[in-house]
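As structure tokens, the structure follows; a few thoughts come after it.
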Amino acid sequence: MTHAKWRLLPDRYFDPDPAQRRIARQLYESVADLPIISPHGHVDPSLFADENTTFGTPAELFIIPDHYVFRMVYSHGVPLEALGVPKGTGEQDHRKIWQTFADHFYLFRGTPTGVWLAFMLQVVMGVEIKLSGATAQVIYDQLEETLASPEMRPRAMFDRFGIEVLCTTDFAADSLCHHQAIRASDWGGDIRPTFRPDDVIHLLRPNWRSNLDAVSDCTGIEIISYRTLIQALEERRAFFQAMGAVATDSDGTTLSTGELSPTEADRIFQRALKAEATAEDAARFFGHMLMESARMSIEDGLVMQVHFGSYRNHNQPLYDRLGPDMGCDIPIQAEFTRNLRELLNKYGNDPRLTFVAFTLDESTYSRELAPLAGHYPALKVGPAWWFHDSINGMTRYRQQVIETAGLYNTVGFIDDTRSFPSIPARHDLSRRVDANWIAGLVVRGIVDMEDGHEMILDTAYRLAKRAYGFSCDGKGGPFPSGE
Amino acid sequence: MTHAKWRLLPDRYFDPDPAQRRIARQLYESVADLPIISPHGHVDPSLFADENTTFGTPAELFIIPDHYVFRMVYSHGVPLEALGVPKGTGEQDHRKIWQTFADHFYLFRGTPTGVWLAFMLQVVMGVEIKLSGATAQVIYDQLEETLASPEMRPRAMFDRFGIEVLCTTDFAADSLCHHQAIRASDWGGDIRPTFRPDDVIHLLRPNWRSNLDAVSDCTGIEIISYRTLIQALEERRAFFQAMGAVATDSDGTTLSTGELSPTEADRIFQRALKAEATAEDAARFFGHMLMESARMSIEDGLVMQVHFGSYRNHNQPLYDRLGPDMGCDIPIQAEFTRNLRELLNKYGNDPRLTFVAFTLDESTYSRELAPLAGHYPALKVGPAWWFHDSINGMTRYRQQVIETAGLYNTVGFIDDTRSFPSIPARHDLSRRVDANWIAGLVVRGIVDMEDGHEMILDTAYRLAKRAYGFSCDGKGGPFPSGE
Amino acid sequence: MTHAKWRLLPDRYFDPDPAQRRIARQLYESVADLPIISPHGHVDPSLFADENTTFGTPAELFIIPDHYVFRMVYSHGVPLEALGVPKGTGEQDHRKIWQTFADHFYLFRGTPTGVWLAFMLQVVMGVEIKLSGATAQVIYDQLEETLASPEMRPRAMFDRFGIEVLCTTDFAADSLCHHQAIRASDWGGDIRPTFRPDDVIHLLRPNWRSNLDAVSDCTGIEIISYRTLIQALEERRAFFQAMGAVATDSDGTTLSTGELSPTEADRIFQRALKAEATAEDAARFFGHMLMESARMSIEDGLVMQVHFGSYRNHNQPLYDRLGPDMGCDIPIQAEFTRNLRELLNKYGNDPRLTFVAFTLDESTYSRELAPLAGHYPALKVGPAWWFHDSINGMTRYRQQVIETAGLYNTVGFIDDTRSFPSIPARHDLSRRVDANWIAGLVVRGIVDMEDGHEMILDTAYRLAKRAYGFSCDGKGGPFPSGE
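Each protein sequence line maps, in turn, to chains A, B and C.
Be aware that the first sequence starts at 0, since it is given in numbering that gives the first Met the number 0, and climbs by one per residue.
Be aware that the second sequence starts at 0, since it is given in numbering that gives the first Met the number 0, and climbs by one per residue.
Be aware that the third sequence starts at 0, since it is given in numbering that gives the first Met the number 0, and climbs by one per residue.
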């Protein structure tokens, strides 16, 4: 049986107009081979800790860890168990999982996941026939063979992808042992941790108390008060920074910022220790900790990232049965003008701070975030995030943010992925979409070609590098301050 | 006097780029002659109950029943009475009404109403000169003559339009006598009712009590409690289903869903019987009835439709004087992530349920509805509704919904019209806009032409047919379950 | 040293598609030389009071008074003092200010400010080399020389720009002495005041009491009660109208409208006199005064403008140090369906009223404002405002407002600028963007070329002229009623 060829178009994602397309191609080609800066994401550092680690089966690489993929198949009535999700449970025959996925591959028509998968299969894996139920098994055979080759191990892929720096996201009490192993190895890949204290600063998170104890343990500071919590966090930030971290991250479930007195903060903290904290306590405490995070960032130079507005684990019965990250985190409305005011009033005028705010509520782009970032020196608008990390999502972002914030109050592309082999797919896509956006400005006489060339270099490489203050000396180490 | 020709462009609504236009035309032509599936709308079934029924005068066909038309003329200071609205009141000279409308026809430039009217006049009625104050009377003459012909009766038009199935919207206590008459006739048109219980489940609706009594009367169940209400509704659903209904519909004025205990539900119901229910009672009761509606739909297989977020009869003095449907229903902000959580948690994981949610708040497309539909098996996003049933509105819908929800968590085009002759105009428009959208994906290399051909078939015909589970045997009868 | 030429493209801001571009150019050329109608803005009338007034240095013309410009430079960590802001403070060497601005000119890539500055420098000032740090001083030399010429004085520029009428914005107690001087002069420029009573109707504004006293003084009515306030305002409106005013304006910080009884209104007013009014008092009073404003407008024919939804002086420390208008007014969410209901129910059905509502929350365009304006005779949607007065902002406005409101429930372009020399830049931009929008409709067969020509005349000139009821007899004087 012969199958139709599957080929990415060379001019993919560009506008069809010949004049715009020609300029887009020219701009894209000028940055297509630049190294990848990946300042924020969720790749597992253990992949790189040992040179012999592999990605496992095609299902383990493409389906089981990727909530973008399994959510869509689930939405058509396929139980997650049939996809071997969560990892290690349910269906154990990975050929069967692959077949189920391939049978539903049509669901991804016109989605960014479909576009990334096409790139990963064709460019990263060398697949030349289109995935469908009919071709599932022959493609599985090829993938198994390909994944067995040494060039398909994570470290080799990292080098092949041209990644200059990759940041992971790590819990505050993480020993960073995988990062230590990478640094101790003779491999040159620059992989850095990011400090994420959410599991101790969101007072009502499951396992909050044991997480707190873990931070106590690894710092030797017994956290019995708000004061000792701050002390321990500062110590952990210093440790992360010594391990190459350039940034912190928080999940802004509650949106409001506001300062508590140390006494108030401690009173809430004591209630949390007694498991008596209310939802309002937790929200106020988190809002205060964002203020503290800004203060610490001004002191130690770590970029402060906050990802605002995801309602985690919306599907309670699914969460109760299978746990978090099951593809059911759903965005909520955001409000920044009032909610960030206290933080921005106190710390936003200080150019030593770089505060990158991400949102899932696109209605805030032009109404709130762009006007705020176009004024406060500290604030930068994070790129189109998660569901909006897509061709239309990025296009709306450019159209709604840049006119008011300016390009230079943004921080370039951030892939934010758990799926390591999707990284080149995502950067290729964003470079093409940006090249097309800038070409649209050039062909309309809004910027000239000279500016266009600067802008594509900025969006593809320089903005991220500058915003996160990366040193360029390979492996993580001390780095220049925020800006 | 000679008047300029009036001609719809063959490539209308397509992007001007020649490459995209060529593909759009090809895709459009592949579905242009497919039958029309109309699973939700507000056409009056009595039009088809008797083979000799006519549409009346041009004003009765195009102006008096169409709030899209008279609202715009009213917004320029013309009293509704001068347009013969509401039906049977005000100006009785229909030539005068037509003249007033034609004098204001320029108001519709660039609006979907303008586009539909051009199609109806040119394609359905054969008018070849452009409507304006100057041409009003000569066109009126022609329309009168045309409407007198037997081919212009509703049944003949239904056949000419190629409508495979048309669903009306009917009150829970409706005898469905017109549907009965259609089924009893020798005419083959497939027209089905839709079960809409709003007038008894919104406790504060005007005439709630008499509506309730009507349901009591037609079921023989004396509705004196919450329990008997449920019993009566279940019986009416069964009757509607026997008459061919495939779906229910509700007007989601309040947005929140949540379950009450039977005791709580009954307590509120008893207050309503005593005319003592509060606005909060009514909102909680309706939120509970949406839960019940989902439960019943899982049991009987009726598709559950909810149209969320219209503030009905915003213009109180106009409503007091002329009644409802005077063109002053205005959208309000919606919120689905929190408001639908209880319903989706309890019933959304069940693939037997098809729950189609419509919104007038486009900011929820990418933020809430698409992420929810891209996860929960039961939820589908209804198409661009009402004010957004337009070229730009549909385009925004495609751009904001599909990347996250996928095409296959939507239900195809729904015309939702009261104006029968606008049906082919609306389907022609949506098929063209979708063909152009898909052509845009093809020409950008996002999907290939093979997928493009599948997608246009889906948007134009198959998605609606599958979502609403239509049997294909002509007149309404038993039908397969929701999905 | 030679520098690259700097040239605006003749087809700038048009879509690249040749067919659309050709039509856009044709439509644009048909209105490019029409006079400018500027019914709302913030140009200082004193510029025109004396024929010998000049604009001062290049920094005084382009940087110091323009918050669009200095906010962006401030956002990159440059203190406002280094830009000589506020006027008369900080850096006094205007060459240095200009150099700092030029060093940061790249920040404006892709922004409307960048586009306006390019027009002002090239077309208004004759600069032919691109502004950058390297060319800053040579351009400064040229600008100094150019500004010294008599043709560069405000009155000469007004004539050169082809401004038919320009409205300023003036406090209720303003003596309008500059307007008087203009009228008394032999110069023919038509410059009119606009009545803005915000500083006395927002009860908690700084200096409310002294502003109130100023109104008392100029009317001779001692304002000791709500009743006398109304009396004084009515008298001032009559004075403004005698001086040529055609409109009022208010800054709608609170969004809700609602009528108080005279007793309630007076009770709040008495609390304000005793400096005891609460935030809620102020909001209710303002909501009531909007109702009163509508009533007065029906009586005297002044167009009622309200600009809704800016959070003024968001950056408190900056405000405390430097005062208002420092580039930190930030939009907030708006809601109109419920908030305007009371006003529209009472006065919105009266075609004698023209109520122009402006918003900074684009999510209300298609959801609320367009449906409301497409129904209520009195309501018109103001054009894309402030941050949205941009190529993408105007395009979104056209795409989201017109299909539902119709073009004829809008009021044409309004520049709303403080920067006099930006006026032709802004009108050139809006005429081009509108020509391109209409060309897009023509090339897609949505409107024909005949309608297209009418529409561009309307957007560029006629809608504003009609909505604001300008008489065409040169200098301000009595004028026809609102519509």
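Just so it is clear, CB atoms sit at the ideal spot from N, CA and C, and this is done for glycine as well.
- Listed along the chain, the chain A residues whose CB falls inside 8 Å of the CB of B:A18 are P15.
- Counting every other CB atom within 10 Å of its CB across the protein chains shown gives A:L8 a total below 16, marking it as exposed.
- Within the region 235-257 of chain C, no residue has a Cβ lying closer than 8 Å to any Cβ of chain B.
- A:R366 belongs to the set of residues whose beta carbon lies under 9 Å from a beta carbon in chain C.
- In the structure shown, A:E163 adopts extended strand secondary structure according to DSSP, grouped into three states.
- About 7 Å separates the CB atoms of C:L339 and C:L371; that is less than 8 Å, so the two are in contact.
- Counting along the chain, A:I445 sits inside no beta strand (DSSP E), nor does DSSP assign it H or E at all.
- Rounded to the nearest angstrom, the gap between the Cα atoms of C:G451 and C:A237 is 39 Å.
- Taking a C-beta cut-off of 9 Å against chain B, the contacting residues of the region 380-406 of chain C are R397, Q398, Q399, I401, E402, T403, A404, G405, L406, listed in chain order.
- Interface criterion met: the Cβ of C:A372 is under 9 Å from a Cβ in chain B.
- Only exposed fits A:N206, as fewer than 16 other CB atoms lie within 10 angstroms of its CB.
- For B:M124, there is no enclosing beta strand (DSSP E), as DSSP gives it neither H nor E.
- Non-local beta-carbon contacts of B:P261 in its own chain, meaning distances under 8 Å to residues more than five positions away in sequence, involve Y225, R226 in chain order.
- The secondary-structure analysis by DSSP pairs B:F47 with nothing; it has no beta-bridge partner.
- C:E144 is outside the set of residues whose beta carbon lies under 9 Å from a beta carbon in chain B.
- Using a Cβ-Cβ cut-off of 7 Å, C:D450 is close to R108 of chain B, given in chain order.
- The Cβ atoms of C:A356 and C:F335 sit closer than 9 Å to each other.
- A residue is called buried when at least 16 other Cβ atoms come within 10 angstroms of its Cβ; B:V137 does not meet this threshold and is exposed.
- Below 8 Å, enough C-beta pairs join the region 95-113 of chain B and the region 58-77 of chain B to call them touching: three or more.
- At least one C-beta of chain B is nearer than 9 Å to the C-beta of A:Y105.
- If you check each beta-carbon in the region 312-332 of chain A against every beta-carbon of chain B, the ones closer than 9 Å belong to H313, N314, Q315, P316, L317, M325, G326, C327, D328, I329, P330, I331, Q332.
- Separation of B:L254 and C:S418 (C-alpha to C-alpha, rounded to the nearest whole angstrom) is 46 Å.
- In the three-state DSSP reduction, C:V355 falls in the strand class (E or B).
- Residue ranges of uninterrupted beta strand (DSSP E) with 3 or more members, entirely inside the region 264-327 of chain B and ordered along the chain, are 302-307.
- Our two residues, C:T52 and C:L46, have alpha carbons roughly 6 Å apart in a direct line.
- Leaving aside the five residues that flank B:T256 on each side, the residues in its chain whose CB is nearer than 7 Å to its CB run, in chain order, G286, L289, M290, N338, L339, E341, L342.
- At least one C-beta of chain B is nearer than 9 Å to the C-beta of A:R70.
- Per the Cβ contact rule, the region 165-174 of chain C is in contact with the region 189-204 of chain C (3 or more Cβ pairs under 8 Å).
- Across the set C:A183, C:E80, C:F13, the C-alpha of C:A183 shows the shortest separation from the C-alpha of C:D49.
- With contacts defined by Cβ atoms closer than 9 Å, A:A459 and A:S429 form a contacting pair.
- With a threshold of 9 Å between beta carbons, B:S362 makes contact with chain A.
- Here A:S362 is buried: its Cβ has 16 or more other Cβ atoms, across all protein chains shown, within 10 Å.
- Boundaries of the alpha helix (DSSP H) around C:D102: 93-102.
- The DSSP-derived three-state label of B:D248 is strand.
- Apart from the 5 residues on each side of it in sequence, C:H2 sits with its Cβ closer than 7 Å to the Cβ of I128, K129, T134 in its chain, given in chain order.
- When only Cα atoms are considered, A:I390 and A:P44 end up about 28 Å apart.
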